[in-house]
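If you read the sequence shown in my numbering, its first letter stands for residue 3, the second for the next number, and so on. All C-beta atoms in this analysis are idealised placements derived from N, C-alpha and C, irrespective of residue type, glycine included.
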Amino acid sequence: MPRGYRWMFWLTGLPGWMRFGFSPGWGGLPPAAQYLISTGQLPQFMSFLQSYSPMGAWMREEDEIEMLRERAEALERELREIRRRIEELKRSEEE
């Protein structure tokens, strides 16, 4: 970060975490709630927060087994590549 930003506190009178309005989250309002309220964006923001599901849909056991098998194969390929690179570096070090 450029050194010029060190005077930002004196320009605004507020530290960086408080510049757009501070809300610690009590009462259900998100951080920067004062800024969102003053600009009229709070209803859209609150609907965005409620629009997604924090947990995905459940998988069938067969799908989960297939996903885990594919992930294990990918990790094995990655481990082979790491070991191959280590061997290359050892050979070039010896030469």
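Local conformation of residue i per DSSP, three classes
| i | result |
| --- | --- |
| Arg82 | helix |
| Arg87 | helix |
| Gln43 | coil |
| Glu63 | helix |
| Ser94 | helix |
| Tyr37 | helix |
Inter-residue Cα distance where the pair is residue i and residue j
| i | j | result |
| --- | --- | --- |
| Leu91 | Glu83 | 12 Å |
| Arg62 | Glu95 | 49 Å |
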